[in-house]
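Peer 1: Going by my numbering, the first residue of the sequence shown is number 135, and it counts up by one from there. The beta-carbon is built from N, C-alpha and C at its ideal position, and this holds for glycine as well.
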Amino acid sequence: MNFTRKDFPQDFLFGTATSAYQIEGHAFGGAGPTHWDSFAATPGNVVRAENGDRGCDHFHRYEEDLDLVAAAGFDCYRFSTSWARVLPEGRGTPNPEGLDFYDRLTDAMLERGIKPCATLYHWELPSALADLGGWRNRDIAGWFADFTEVIMGRIGDRMHSVAPINEPWCVGWLSHFLGHHAPGLRDIRATARAMHHVLLAHGSAIQAMRGLGMDNLGGVFNMEWADPADASPEARATADLYDGYYNRFFLGGVFKKEYPANVMEGLGPHMPANWQDDFDVIASPVDWCGINYYTRKLMKPNSDPWPSHEEAEGPLPKTQMGWEIYPEGLYKFLTRTAQEYTGVLPLYVTENGMANADVLSDGKIEDPERTAYIEAHLAAVKRAIAEGAPVKGYFLWSLLDNYEWALGYEKRFGLIHVDFDTMVRTPKASYHALKEALS
Ligand code: FCB
Numbered sequence: 135m136n137f138t139r140k141d142f143p144q145d146f147l148f149g150t151a152t153s154a155y156q157i158e159g160h161a162f163g164g165a166g167p168t169h170w171d172s173f174a175a176t177p178g179n180v181v182r183a184e185n186g187d188r189g190c191d192h193f194h195r196y197e198e199d200l201d202l203v204a205a206a207g208f209d210c211y212r213f214s215t216s217w218a219r220v221l222p223e224g225r226g227t228p229n230p231e232g233l234d235f236y237d238r239l240t241d242a243m244l245e246r247g248i249k250p251c252a253t254l255y256h257w258e259l260p261s262a263l264a265d266l267g268g269w270r271n272r273d274i275a276g277w278f279a280d281f282t283e284v285i286m287g288r289i290g291d292r293m294h295s296v297a298p299i300n301e302p303w304c305v306g307w308l309s310h311f312l313g314h315h316a317p318g319l320r321d322i323r324a325t326a327r328a329m330h331h332v333l334l335a336h337g338s339a340i341q342a343m344r345g346l347g348m349d350n351l352g353g354v355f356n357m358e359w360a361d362p363a364d365a366s367p368e369a370r371a372t373a374d375l376y377d378g379y380y381n382r383f384f385l386g387g388v389f390k391k392e393y394p395a396n397v398m399e400g401l402g403p404h405m406p407a408n409w410q411d412d413f414d415v416i417a418s419p420v421d422w423c424g425i426n427y428y429t430r431k432l433m434k435p436n437s438d439p440w441p442s443h444e445e446a447e448g449p450l451p452k453t454q455m456g457w458e459i460y461p462e463g464l465y466k467f468l469t470r471t472a473q474e475y476t477g478v479l480p481l482y483v484t485e486n487g488m489a490n491a492d493v494l495s496d497g498k499i500e501d502p503e504r505t506a507y508i509e510a511h512l513a514a515v516k517r518a519i520a521e522g523a524p525v526k527g528y529f530l531w532s533l534l535d536n537y538e539w540a541l542g543y544e545k546r547f548g549l550i551h552v553d554f555d556t557m558v559r560t561p562k563a564s565y566h567a568l569k570e571a572l573s
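(1) Helix or strand or just coil, what does DSSP make of G424?
(2) Since G527 sits in a beta bridge, which residues does DSSP pair it with?
(3) When you compare the CB of E570 with every CB in chain B, is at least one pair closer than 7 Å?
(4) I'd like to confirm the pairing. Which residues does DSSP put opposite N300 in its beta bridges?
(5) Is N356 near ligand 1, with its Cβ less than 6 Å from a heavy atom?
(6) With 16 other CB atoms within 10 Å as the buried threshold, where does V552 fall?
(7) DSSP has E444 in a bridge; who is on the other side?
(8) Say whether the region 413 to 421 touches the region 325 to 340, bearing in mind that this needs 3 or more beta-carbon pairs closer than 8 Å, one atom from each stretch.
(9) By how many angstroms is the C-alpha of F146 removed from the C-alpha of R430?
(10) Please find out if some non-hydrogen atom of ligand 1 comes closer than 6 Å to the beta-carbon of E445.
(11) Any heavy atom of ligand 3 inside 6 Å of the beta-carbon of S153?
(12) Using only the heavy atoms of ligand 1, determine whether one of them is closer than 6 Å to the beta carbon of N486.
(13) Is it buried or exposed for T556, if we count other Cβ within 10 angstroms and need 16 for buried?
(14) Taking 6 Å as the cut-off, is the beta-carbon of E258 closer than that to any non-hydrogen atom of ligand 1?
(15) To the nearest angstrom, how far is the alpha carbon of Y380 from that of G347?
(16) In this structure, what does DSSP give as the bridge partners for T253?
(17) Whole-angstrom Cβ separation of A518 and L468, contact assumed at under 8 Å?
(18) In chain order, what residues of the same chain have a beta carbon less than 7 Å from the beta carbon of R292, not counting five sequence neighbours either side?
(19) Report yes if the CB atom of R195 is closer than 7 Å to the CB atom of A151, and no otherwise.
(20) Could you tell me if the beta carbon of N381 falls within a distance shorter than 6 Å of some heavy atom in ligand 1?
(21) Just curious, the beta strand (DSSP E) that T560 is in, first and last residue?
(22) Can you find a heavy atom of ligand 1 that lies under 6 Å from the Cβ of N300?
(23) What did DSSP end up calling H551 once you bin it into helix, strand or coil?
(24) Give me the Cβ distance between A262 and G224, rounded to the nearest whole Å; I'm assuming they're in contact under 8 Å.
(25) Just the C-alpha distance for I274 and P406, rounded to the nearest angstrom, thanks.
(26) Would you mind giving the Cβ-Cβ distance between P222 and A165, rounded to the nearest angstrom? I have them listed as a contact below 8 Å.
(27) Going by the CB atoms, is the gap between H256 and N300 shorter than 7 Å?
(28) Under the DSSP definition of a beta bridge, which residues are partnered with S495?
(29) Taking the alpha-carbon of D265 as reference, which of P167, M398 and H404 has the nearest alpha-carbon?
(30) For G463, which residues in the same chain have their Cβ closer than 6 Å to its Cβ, ignoring the five residues on either side in sequence?
(31) Contact defined as beta carbons within less than 8 Å: I believe D492 pairs with K562. What is the distance between those atoms, to the nearest angstrom?
(32) Roughly how many angstroms lie between the CA atoms of Y393 and G337, to the nearest whole one?
(33) Whole angstroms is fine: what's the gap from L351's alpha carbon to V420's?
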């Protein structure tokens, strides 16, 4: 790596991130069924119809995995808690094995000197709640606050930081408008409701945790920079709309108690009754703002119904996901978020990383592409800090190769290679390079 810790402020935290369904092995330990299990079991939704039953078997191998987190020199580990592992029916009686697992996991982090950074929901909604309408049902805010109290009642005393929901855009738009993630809906009314309810659930969980006396609570938003595909005003407007429903909708709700006008042109007629009355809960004060950043999109108009636009192919080098590598976007989001939404509130890059077609050869994995990606994005972070953005940490996605949702086990995002037959972990060259930089 072309940097060391000394290039960053003294209190800057380095971490790595994972999520429950992607690594734990959902078939283990008495977890209840989720909408990801039935989505994956339906042909055409997931590559090879793969699911998270086994994941990386982290449920049994978490100590070995945390040894690798500690050995790399990370300060923090961002993990998520599975709602259905804790409450198999989504509500009601907790699964003692699930609570015990997160308790052991927390203590195993602390024993190794790693700060536990929890995300309460990273997409595996219990099926029993999906049956009741899931994110379309306003009651989900209360169900989620109850889950928050159960899980944080057990481990909240030892968390360094907590965010309620990973990437509200994915929960709302990606899963209810584009249909790419569970529950796989393509319906604008469902989308408007899910986008609003996910923020209501966020605020309700923040309030529940304040009630437990917790602090260092934040939100984790994924952001994609949007540029127009050409110089026309029409293309500019499509990029602004993409920016509106992808980025500004969620930041606007949480930090300004408002939704962007260009987004409400389409979603407005489909919003739940009295949505304007929910902003006091949605905007419950938080202590930091997390940004997950991977790429940008070029947008151009088309003749479809609203939002009447589509992506254009971009010219930049791409990752295994087909995503353009655009570190500048991270710099722009960090500075813009501070200037327009969060002011002096600490910012964290809560996810950033790349998928690469890594191969194990002679016991080694050379992934210079990933090293370069990390270097370029940390340079963007440094530039934002130099210009006054209060960025306090960076989390690499991901610790392990894992279940990449609709793309199954094929896309390798890990610093550590996983052989999905034997479950053997092999740190990649980028892991060794990062370890040296952090030492
Ligand atoms: C993010 C998700 C994470 C992973 C990465 C590649 O959107 O939070 O689970 O899928 O993308």
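Peer 2: This is what the structure gives:
(1) strand
(2) L147 and Y482
(3) Among the chains of the structure shown, chain B does not appear; only one protein chain is present.
(4) V354
(5) yes
(6) buried
(7) K434
(8) yes
(9) 26 Å
(10) no
(11) This structure lacks ligand 3; the ligands present are ligand 1.
(12) no
(13) exposed
(14) no
(15) 32 Å
(16) S214 and A297
(17) 4 Å
(18) T240, L244 and P250
(19) no
(20) no
(21) R559 to P561
(22) yes
(23) strand
(24) 5 Å
(25) 13 Å
(26) 6 Å
(27) yes
(28) K498
(29) P167
(30) W359 and R430
(31) 6 Å
(32) 15 Å
(33) 6 Å
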